[in-house]
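To start, the structure under review is shown below, and the notes come after it.
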Ligand code: JCK
């Protein structure tokens, strides 16, 4: 999978080069490239934003600069992901779907976001005929300062589903069964007693059917408590 990320703060995306994802890139399973939006500015001040038509607070990122940046990176069949607080809420199902794609292109805005004509332009048939799909995604109901952290969240959730990127394909299968109605059982490791707290005895029994039943019940109890 190839991933491109465009931002005015490319150094914000530095963690993508580290650890798990760094190794997947060394193995050739993944190629992540981060791009500085400001290389597409032509004025002395390298400005990427301007005041909003219709008035109101804050600034809006200019369509022309984003168009130039995206034109350089967009490919046939790619998925363009625009992070925005009003987008479709990201979930595990969307992560699974995106993990099957060959090229993801992330547009990380700042300020009040990107001139909407950028989304409109890349959503036209000229692009859909080339297999290019545009997604507006939000990672949750809270307001961030920009799309950078959101894109890292999505990249982490998506790339760990690519075969060979995560060490443990068994846990992926387990999670895919979970992805509707999200349930998770509590986990324990040695020692069996810690600060007077005991590991549930059933987990030491070796009775795999009983353990599976206990975990399912514990998971559903926890899911209820989260409502
Ligand atoms: C991308 C700029 C900052 C802040 C204006 C918001 C009413 C618009 C996100 N889950 C998520 N939360 N926030 C983001 C996100 C925020 C972004 C950008 C993603 C680009 N900003 C910003 C405030 C507003 N309003 C509600 C008016 C943008 C994701 N993914």
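In my numbering, the protein residues as written are 22 to 248. The beta-carbon is built from N, C-alpha and C at its ideal position, and this holds for glycine as well.
For residue 88, the enclosing alpha helix (DSSP H) begins and ends at 84-94.
Just so you know, the alpha carbons of residue 143 and residue 154 end up roughly 8 Å apart. Judged by DSSP in its simplified three-state form, residue 28 adopts strand. Not one heavy atom of the ligand JCK lies closer than 7 Å to the C-beta of residue 177.
Per the coordinates, the alpha-carbon of residue 192 lies some 27 Å from the alpha-carbon of residue 218. The C-alpha of residue 197 is placed about 35 Å away from the C-alpha of residue 87.
Exclusion of the five residues before and after residue 168 leaves 104, 129, 130 as the residues of its chain whose Cβ lies within less than 6 Å of its Cβ.
In the structure shown, residue 183 falls within a coil segment according to DSSP collapsed to helix, strand and coil. For residue 142, DSSP records no beta bridge to any residue.
Annotated as distal: residue 176 and residue 91, with beta-carbon spacing of 8 Å or more. Under a 10 Å Cβ-count criterion, residue 71 is classified as exposed, with fewer than 16 other Cβ atoms of the shown protein chains found around its own Cβ.
Under the three-state reduction of DSSP output, residue 219 falls in the strand class. Between the segment 178-189 and the segment 118-127, the count of C-beta pairs closer than 8 Å reaches three or more; the two stretches touch. Cβ atoms of residue 159 and residue 127 stay farther apart than 8 Å, at about 13 Å. Residue 56: member of the beta strand (DSSP E) spanning 52-57, first to last residue.
Distance from the C-beta of residue 106 to the nearest heavy atom of the ligand JCK is below 7 Å. Considering only 232, 241, 157, the residue with the shortest C-alpha distance to residue 107 is 157. In the same chain as residue 186, and ignoring 5 residues on each side of it, the C-beta atoms closer than 6 Å to its own belong to 45, 50, 180, in chain order. For residue 128, the enclosing beta strand (DSSP E) starts and ends at 124-128. Annotation for residue 132 indicates a beta carbon within 7 Å of some heavy atom of the ligand JCK.
In this structure residue 66 is not in contact with residue 59, their Cβ atoms being roughly 10 Å apart against a cut-off of 8 Å.
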